[in-house]
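Q:
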Amino acid sequence: MGTEVEVFTIGSSVWCKTFTNHEYAGEVTGYHPEIRTLVLRCPSSNGDPKLRNVVFINLTSVIKLRVKNDGNKHHDPPANVNLHRLSSRIRNQVEQKRRTLQAISANVSVEGQSLFLALSKIIQDVKWRNSDIVIYNQEVYISPPYQLENVHGNTNNKTYDYIVKVVEKHIQGRAMSSNAAVNTENSQLQSNTRPSQ
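Position 163 of the sequence shown, counted from 1, bears residue number 165 in the numbering used here, the numbering being contiguous throughout.
(1) Alpha carbon to alpha carbon, how far is Lys52 from Asp72? Give it in angstroms, no decimals.
(2) Do you know how far the Cα of Thr62 is from the Cα of Phe21?
(3) Can Val56 and Ser14 be called in contact, C-beta distance under 8 Å?
(4) With Val136 and Tyr162 assumed to form a contact (beta carbons below 8 Å), what rounded beta-carbon distance in angstroms separates them?
(5) Excluding the five sequence neighbours on either side, which residues of its own chain have a C-beta within less than 6 Å of the C-beta of Ala120, listed in chain order?
(6) Within 10 angstroms of its Cβ, does Phe58 collect 16 or more other Cβ (buried), or is it exposed?
(7) By DSSP, does His34 sit in helix, in strand, or in coil?
(8) Do Gln98 and Ile106 have their CB atoms nearer than 8 Å?
(9) Which residues in the same chain have their Cβ closer than 7 Å to the Cβ of Gly175, if we skip the five residues on either side of it in sequence?
(10) Could you please give the first and the last residue of the uninterrupted beta strand (DSSP E) stretch that includes Thr20?
(11) To the nearest whole angstrom, what separates the beta carbons of Asp134 and Ile125, a pair I think is in contact under 8 Å?
(12) Helix, strand or coil: how does DSSP classify Ala27 here?
Below is the structure:
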């Protein structure tokens, strides 16, 4: 960035272009000089006028910058951010992405991956052991081809009953979505084969 602006006033209108040719224009809602980060509130990328995108811009990646106005008008102070809630959301998202990667990298069938992801959304302790899905530290496990009869564990345990219900619901949901796709495909084929009148 050629000319350095040392301080960005909250409420200023700013336009910038990064070295990746992304352009951003919006209102400054935050600036952190030590880590050289600018926070802009920009118009929504989906075009909804009620919504706004919040963009964090690393100023070291900016090649052009213009301050359109300096934001001298009075602005309400920025809303407080619930850091505990934010860090919890980040932690949950990272954990979910980790589980998704585990499911994909397990080298098992699509049915197994799908069931693993469904279980990991509601149960924290889900892991792979070779091609088996292990739940609650081996209390219950599901082996290929991941059907109801492949759920193993102590049948007198409430955990086992709960996992069976989850697997049953998952299998029914997949069957319903598969049937819906077949019905849609059949109706499209029928409409394409009908004679024109």
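Glycine is no exception: its CB is placed at the ideal position from the N, C-alpha and C atoms. Treat the numbers as computed from the prediction; the structure is a model and nothing was measured.
A: For this structure:
(1) Taking the sequence shown and counting its residues from 1, one reaches residue 72 at position 70. Taking the sequence shown and counting its residues from 1, one reaches residue 52 at position 50. Looking at the two C-alpha atoms, the distance is approximately 24 Å.
(2) In the sequence shown, the residue the question calls residue 21 occupies position 19. In the sequence shown, the residue the question calls residue 62 occupies position 60. One C-alpha to the other measures close to 9 Å.
(3) The residue you call residue 56 lines up with position 54 of the sequence shown. The residue you call residue 14 lines up with position 12 of the sequence shown. It is not a contact, given that the beta carbons lie outside the stated cut-off.
(4) Counted from its first residue, the sequence shown places residue 136 at position 134. Counted from its first residue, the sequence shown places residue 162 at position 160. In this structure Val136 is not in contact with Tyr162, their Cβ atoms being roughly 13 Å apart against a cut-off of 8 Å.
(5) Translated into positions along the sequence shown, residue 120 becomes position 118. Here the set comprises His172.
(6) Sequence index remark: in the sequence shown, residue 58 carries index 56 (1-based). Exposed is the call here.
(7) Walking along the sequence shown from the start, residue 34 turns up at place 32. If DSSP states are grouped into helix, strand and coil, His34 belongs with the strands.
(8) In the sequence shown, residue 98 corresponds to position 96, counting from 1. In the sequence shown, residue 106 corresponds to position 104, counting from 1. Against a cut-off of 8 Å, the Cβ pair of Ile106 and Gln98 comes out as no contact.
(9) Taking the first residue of the sequence shown as position 1, residue 175 is located at position 173. Cβ-Cβ distances below 7 Å link Gly175 to nothing in the same chain once the five nearest sequence neighbours on each side are left out.
(10) Walking along the sequence shown from the start, residue 20 turns up at place 18. Element bounds for Thr20: 15-20.
(11) Residue 134 sits at position 132 when you count from the first residue of the sequence shown. Residue 125 sits at position 123 when you count from the first residue of the sequence shown. Contact between Asp134 and Ile125 is absent: CB atoms are separated by about 15 Å, not below the 8 Å threshold.
(12) Numbered from its first residue, the sequence shown carries residue 27 at position 25. Under the three-state reduction of DSSP, Ala27 is assigned to strand.
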